[in-house]
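K.L.:
The structure follows.
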Amino acid sequence: DKPDNVFENTTTIHELESEIDRTYRQFLEFIYSNVEDIRILLRVRDSIVLLEQFADRVHDVADVMRVLLYQ
């Protein structure tokens, strides 16, 4: 039962991380096209980059969990 839960949860994490990547790219395109104040653009961009990097780290942990599950 626990391996099934791990697999389901890590699959969900993979799906969410892919969605976050798509949204991240769309958001960057939007702010580069619509935000004229460079200070605001950089602050917003840097905040979004941090959030995307956090999602990547969570995805990395999910990958490790899957490897450990199937070893």
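So the sequence shown is residues 2 to 72, counted in the numbering used here. Yeah, the Cβ is synthetic: ideal placement off N, Cα and C, and Gly gets one too.
Roughly how many whole angstroms lie between the Cα atoms of Pro4 and Asp22?
P.N.:
Answer to the nearest angstrom: the Cα atoms are 27 Å apart.
K.L.:
Count the other C-beta atoms from every protein chain shown that fall within 10 angstroms of the C-beta of Ile41, then say buried if there are 16 or more, exposed otherwise.
P.N.:
Exposed, since its Cβ has fewer than 16 Cβ neighbours within 10 Å.
K.L.:
Closest by CA to Glu20, which one among Leu43, Asp47 and His60?
P.N.:
Of Leu43, Asp47 and His60, the residue nearest in Cα terms is His60.
K.L.:
Please work out which residues of its chain come closer than 7 Å, Cβ to Cβ, to Ala63, disregarding the five sequence neighbours upstream and downstream, and give them in chain order.
P.N.:
The residues are Thr11, Ile14 and His15.
K.L.:
Just curious, the alpha helix (DSSP H) that Gln54 is in, first and last residue?
P.N.:
From DSSP, the alpha helix (DSSP H) with Gln54 extends over Ile39 to Leu70.
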